[in-house]
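For the sequence shown, the residue numbers in our numbering are 81 to 259. Everything on this sheet refers to the single structure shown next.
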Amino acid sequence: MQKPEVFTCLFLGRLEHQKNPLYLVDLVKKLKDKHKFKIVVVGEGNMRQPLEDLIAQQSLQDYFEFLGFRQDIPQIMANVSCLITPSLWEGMPISILEAGACGLPIVTTPVGSIPIFLSEDAAYLTELPNFHLSLQHIMGHYDEALEKAAKFKKEVYEKFDINKCYLNYKLIYQSVLKH
């Protein structure tokens, strides 16, 4: 598959400190002279206005599209190039599983539970100082990114099937209740 003309990154989540939305401005500043891309921001939160203000101060509005809270996530994912998750900390981010189910390449920080269920074979796990380099790599090697995404898609359907998850939780709760 050919790299998209305008590489579109999806930032999906609450616009709060833990999700690190202000980092998106630094990301754009590091890559804007190297690639044609934009960031689609889906979500709401107390950092939306500070993010919009920072974008305006840096005159980077052309690199961002804000969609707010949305329920049509699979349709949005079908129209972007990758998911970016530069979080400072996480639990179990459902957005990464959603991206996996859609076969969307992922660049994420290896925080919280992420490295437990997501490997370098299936995505790009990178610390913040090198986040832009991983995204730049995907932009230049999109076929490789799609291959990783296909691996993770298979894992999502094998390991995170709702029926399997239900049975696992049921077994856990039954063993707890017996004690």
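The beta-carbon is built from N, C-alpha and C at its ideal position, and this holds for glycine as well. Just so it is clear, the structure is predicted and the values come from calculations on it, not from any experiment.
Exposure of residue i, with buried meaning 16 or more beta-carbon neighbours within 10 Å
i: residue 248; result: In this prediction, residue 248 scores a pLDDT of 49, lower than 50, which makes its location untrustworthy; the coordinate-derived value is nonetheless stated afterwards. Residue 248 comes out exposed.
i: residue 221; result: exposed
i: residue 154; result: exposed
i: residue 99; result: buried
i: residue 101; result: buried
i: residue 214; result: buried
i: residue 237; result: exposed
Reference residue i; option with closest CA among the options
i: residue 233; options: 214, 198, 189; result: 198
i: residue 148; options: 182, 122, 163, 164; result: 122
i: residue 165; options: 111, 238, 226, 93; result: 93
i: residue 150; options: 175, 142, 139, 136; result: 175
i: residue 143; options: 113, 228, 217; result: 113
Other residues of its chain near residue i: CB distance less than 7 Å, five sequence neighbours each side excluded
i: residue 193; result: 170, 171, 172
i: residue 246; result: Caution applies to residue 246, whose pLDDT of 47 falls short of 50 and renders its modelled position unreliable; the value that the coordinates give is listed next. For residue 246, where only same-chain residues beyond five positions count, there are no Cβ hits under 7 Å.
i: residue 157; result: 90, 178, 179, 182, 184
i: residue 218; result: 162, 185, 187, 204, 225
Same chain only: Cβ atoms within 8 Å of residue i, ignoring 5 sequence neighbours per side
i: residue 191; result: 167, 168, 169, 170
i: residue 110; result: 212
i: residue 95; result: 101, 121, 123, 124, 125, 126, 127, 128, 131
Sequence-distant residues of the same chain with beta carbon closer than 6 Å to residue i, five excluded per side
i: residue 90; result: 120, 160, 163
i: residue 146; result: 121
CB contact below 7 Å: residue i versus chain B
i: residue 97; result: Judged by its chain identifiers, the structure shown contains no chain B, having just a single protein chain.
Worksheet item: Should the segment 125-135 be regarded as contacting the segment 196-214, the criterion being three or more beta carbon pairs within less than 8 Å?
Response: no
Fill in: Runs of alpha helix (DSSP H) lying entirely within the segment 190-229, each at least 4 residues, in chain order
194-197, 208-220
Worksheet item: Which full runs of the alpha helix (DSSP H) of 4+ residues lie inside the segment 151-181, going along the chain?
Response: 153-157
Worksheet item: Which residue spans inside the segment 83-126 form an unbroken alpha helix (DSSP H) run of at least 4?
Response: 103-111
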